[in-house]
Structures are given as structure tokens and as C-alpha cells.
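Each number in the working numbering comes from the position in the sequence shown (counting from 1) with 59 added on. Glycine included, every Cβ here is placed at the ideal spot set by N, Cα and C. Quantities reported herein were computed from a predicted structural model and do not represent experimental measurements. So the structure is just underneath, and the comments pick up after that.
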Amino acid sequence: MSYRAIVFAADNKYTDPLLTAIKSVCVYNQHIKFYILNDDIPKEWFLSVEKHLEPLNCTIQDVKLVDYTLSKFNGPYAHINYVTYFRYMIPEVVEEDRALYLDVDLIVTENLDELFAIDLEHYTIAAVKDWDQQRYTGHFNAGVLLLNLVRCREEKFMEKTIAYTKEHIGQLEVGDQTVLNTLYPDYFVLPQCYNYQIGAEWVGTVERESERQPIIFHYSTHHKPWNSVSYNGIRELWWFYHDLDWSDIKSHWKIKNVDTNTFTQYHQKNHCFILTNTQYIEHIEYLIRSLPNYRFSVAAHTMMSSTLLNLAQYKNAFICPLAIDAKIEDLLNRCSVYLDINHFNEVDNIVQRALHKGKPVITFQCTKHKEDDVYTHIISEHEPEKMVEVLKELEV
Numbered sequence: 060m061s062y063r064a065i066v067f068a069a070d071n072k073y074t075d076p077l078l079t080a081i082k083s084v085c086v087y088n089q090h091i092k093f094y095i096l097n098d099d100i101p102k103e104w105f106l107s108v109e110k111h112l113e114p115l116n117c118t119i120q121d122v123k124l125v126d127y128t129l130s131k132f133n134g135p136y137a138h139i140n141y142v143t144y145f146r147y148m149i150p151e152v153v154e155e156d157r158a159l160y161l162d163v164d165l166i167v168t169e170n171l172d173e174l175f176a177i178d179l180e181h182y183t184i185a186a187v188k189d190w191d192q193q194r195y196t197g198h199f200n201a202g203v204l205l206l207n208l209v210r211c212r213e214e215k216f217m218e219k220t221i222a223y224t225k226e227h228i229g230q231l232e233v234g235d236q237t238v239l240n241t242l243y244p245d246y247f248v249l250p251q252c253y254n255y256q257i258g259a260e261w262v263g264t265v266e267r268e269s270e271r272q273p274i275i276f277h278y279s280t281h282h283k284p285w286n287s288v289s290y291n292g293i294r295e296l297w298w299f300y301h302d303l304d305w306s307d308i309k310s311h312w313k314i315k316n317v318d319t320n321t322f323t324q325y326h327q328k329n330h331c332f333i334l335t336n337t338q339y340i341e342h343i344e345y346l347i348r349s350l351p352n353y354r355f356s357v358a359a360h361t362m363m364s365s366t367l368l369n370l371a372q373y374k375n376a377f378i379c380p381l382a383i384d385a386k387i388e389d390l391l392n393r394c395s396v397y398l399d400i401n402h403f404n405e406v407d408n409i410v411q412r413a414l415h416k417g418k419p420v421i422t423f424q425c426t427k428h429k430e431d432d433v434y435t436h437i438i439s440e441h442e443p444e445k446m447v448e449v450l451k452e453l454e455v
């Protein structure tokens, strides 16, 4: 049987994100050989994963790299450690002639046949341009790499990268990504859909180059979706794949019909949305506690105070600090009701936008930002129980 090689590098602290990434690949792809470059993941973990992969015509290879040289290479940021340098070893430990390297902080949402079929005869590396074009013009992001291993071996890829890293270890602004860009400036440019960097948008550096939907979502900043609060727009999608049961993945045709938008834990029909620039949201905790059948999404363009962040303790409260415009638009589309209940200024003309989308808009007397006639209901802040009654009447 012919396998396609997909390579990850991870340590034992990242087996949960690693397993999520593997599951996302397996939903849409079969006949994959997963190479896991590591130095401390226990054998029992591999045995457990292998029994789930076999029915999918996939396999997994434990590649132990206990190497003193590589362990001295630390990354430039706290969320990057020496394990990322393990990718230098790919041409030596992968037997196939090409390999797809993936960071563990990503998910795959489509079939990868088209990516694997790209002609790399005259290139060593195929990658997507990095998001920070102002700082790294022309450079690629190393979180997704399609490697021509025949050329890598001819060019002594491993020896070159290790030698360059040793010589410049204190000058590598983006760690091994700097090394790879320096040594391989002539690379095949992949479409952005193969490495769409979530978390980069909120600093204003990502622009969609086409209407093609992302195939690989990469949570490339330190704001990871598995953290208690992460400042990116698509954390629910990561949790969808995280929570998928292997039995669903094994049922290949069944899973092809799964729509992540129907993942009811995160996409309830009864859904209140609030966009705010203040922690003062009238009776928000009371409403959350009184309406367990509603999802409450509270978003802001900025960081949030502990007052709002602590609302995440409630199962039906989803807190979105540093929300990008695309996330706010998504929440506005998904919500069933917009609550104009934040004090001080209205944000982004959000009430009018909600009305334009045909959403009911409800407010308290003390928080309304528009004229009375635009609201579905205006309720006294002294009678929050009436807000609860109104929302229950709107329940689907």
C-alpha cells in the first residue's frame, strides 16, 4: 500500500493538540503515514492512536530524536521550543520522496490530494507567504511545508540547516523559520488557503488573497484555542475536531456529511450577542444564569477585564476579547437576538447592522443607543426578569 507522509514535531505536553490535528486530517484523508518527531512521547500513546488509525488505512511512526545538539536550539518565543528544530531531520527519517510537514497548532478541513499533487520538480520547499509582510517581505511561514525530499537529500538539507543554526543561534529572529527562509529563498508559493493564520488577523496583517475557503487553519500566535481564553476568531472549529469521536471518523461517508455548523454545543439556535467596549453590561450575569438555553456571546475589539473574562465559568457564556471584524460579523450572522445592553458608547453601529440582518434588538432603558422605534423591546433596568420573559418567548 502506498502512503503519503505527513510529519509533525511535538513533545509530551502537546499530545492533545497533536491528536486534534491528526483527527482533522483523518476526517478527509486516508492512506496517510504520520511521522511524529519527538523525544519524550510515551510508547503507550502511539499504541493507542495506532489502533484508531488502522481502520482508516493510516499508520503512525514514533520517531525518537533524543539529540543533544537539537535540544540546545531554543525558539525566540515562549510558545516555541527546541522541538520545532526536529523538522531539520525530516529527509533522514522519512522514507517517502515527499512529505507534508505540519505544526501541531492547526487543523485540516478538506482533502489534501491537490496539495500533494503539486509539481515540485524544481523546488525543495513549497510554503505560504508569511502573514507579516511588512517585516518579512517574501518570506514564508514554516508551519506548513511541502518538502521535495529527493532534492533535500541531494542538497544535504539536514547538515546545512543544523550548521547554519549553530553559527547564527543568537541572531535567528523567528528560529528555524529564519534559517529555512535564508537557505531556501526560492520556494514554490502555495495559495494562502493551505496556511491561513488564525490570530494574525487581529493585528491587522492578514488579508484574504482570494475567495477560496481556508483548507488548513493555523493558530500561529501564542493565543491558542485550547487556552481558557484565546484572542482569535475560530476557536470553536478547533474544539469541533478535538471532540470528534474516532468512531465518527471511521464512518467515512457519514463524516463527509457532518456540518461543523450543526455542532450544537457551540451553535445554539437561541443565541444572544453583545458587542461592547466596556465591562459594564447591564444584568449580564443574571441573564446568563437565568437563560441556560441561550448562548451568550460577548465580544470586544480590545482586551477584557476579569469581570467579563470570569463569565466564561458559565457553560452558555462565550467571551471573545480582541475580536476581529470577521468574528463579529460571524457572531452577528449566527445570533438570534442582539442585546443592546452595554453602557457608554455603541460600537461599530452594531444596532443598525443587527436590524439590517433582521435580528430582534432588545435593550434596557438605561443602555439604549438609538431611538425607541428601532427596538423590538425596551425594558426597565429595574425589571430584568421581564427581559428573561421576553427572551423565553423568543426561544426556538
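Residue i to residue j span [Cα, whole Å]
i    : j    : result
A357 : R294 : Looking at the sequence itself, residue 357 is Val, so the reference to Ala does not match. Taking the straight line from one Cα to the other gives about 15 Å.
W104 : Q251 : 33 Å
K416 : L398 : 14 Å
K188 : Y278 : 15 Å
E448 : E344 : 16 Å
E454 : S395 : 9 Å
H282 : I257 : 9 Å
F247 : G202 : 15 Å
L96  : I166 : 18 Å
D302 : V86  : 13 Å
Q192 : W285 : Because Q192 sits at a pLDDT of 49, beneath the cut-off of 50, its placement in the model cannot be relied upon, and the point is left open.
K429 : P419 : 14 Å
K219 : P76  : 30 Å
E444 : R348 : 12 Å
E442 : C331 : 19 Å
H227 : Y141 : 15 Å
P114 : L391 : 41 Å
T422 : H436 : 7 Å
As assigned by DSSP and simplified to three states, the class of residue i
i    : result
W312 : Low per-residue confidence applies at W312: pLDDT is 42, beneath 50, and the placement is therefore not dependable enough to give any value.
F145 : helix
F332 : strand
Y253 : helix
G229 : helix
A69  : coil
P76  : helix
D121 : strand
Y195 : Confidence in Y195 is poor, its pLDDT being 48 and thus under 50, which makes the residue's placement too unreliable to answer from.
L206 : strand
Y345 : helix
N116 : coil
A371 : helix
T323 : Caution is warranted here: a pLDDT of 45 is assigned to T323, below 50, making its placement in the model unreliable, and the coordinate value is therefore given only provisionally. Note: T323 maps to coil in three-state DSSP.
H277 : strand
R393 : helix
A201 : strand
S61  : coil
S364 : coil
A382 : coil
S356 : strand
Nearest residue (CA-CA) to residue i, options the options
i    : options                   : result
I308 : Y73, T74 and T79          : T79
T335 : L77, Q236 and N401        : N401
D99  : I383, L124 and D432       : L124
E501 : D304, V447, F216 and C425 : Nothing can be reported for residue 501: it is not among the residues displayed for the chain, which extend from 60 to 455.
E272 : N286, H282, Y253 and A68  : According to the sequence shown, residue 272 is Gln rather than Glu. Here the closest residue by C-alpha is Y253.
F175 : I166, W190, A158 and T168 : A158
I275 : K110, H181, I421 and A186 : A186
C117 : E169, S61 and W297        : S61
M148 : A68, L106, D389 and N352  : A68
V410 : N329, D245, I333 and S306 : I333
D162 : G229, S83, L231 and K102  : S83
F132 : L206, Y373, Y160 and A222 : A222
T366 : N71, W297, G229 and H342  : H342
S306 : A359, L112 and K386       : L112
Under 8 Å between C-beta atoms of residue i and residue j
i    : j    : result
T183 : Y243 : yes
E155 : L208 : yes
P150 : F199 : no
Q327 : S364 : no
N88  : L204 : no
Q120 : Y144 : no
L368 : A376 : no
V122 : V152 : yes
Limits of the unbroken beta strand (DSSP E) element including residue i
i    : result
F377 : A376 to C379
F403 : Taken as a continuous stretch (DSSP letters only), F403 belongs to no beta strand (DSSP E), as it is neither H nor E.
Y160 : R157 to L161
V420 : V420 to F423
N97  : I91 to N97
K188 : I184 to K188
H165 : This sequence places Leu at residue 165; His is not what is there. Taken as a continuous stretch (DSSP letters only), the beta strand (DSSP E) holding L165 covers L165 to V167.
Span of the alpha helix (DSSP H), counted from its first residue to its last, around residue i
i    : result
Q236 : D235 to L242
A413 : I409 to H415
V153 : Careful: V153 lies outside any alpha helix (DSSP H) and carries neither H nor E.
F132 : Where F132 is concerned, there is no enclosing alpha helix (DSSP H), given that its DSSP letter is neither H nor E.
H301 : R294 to D302
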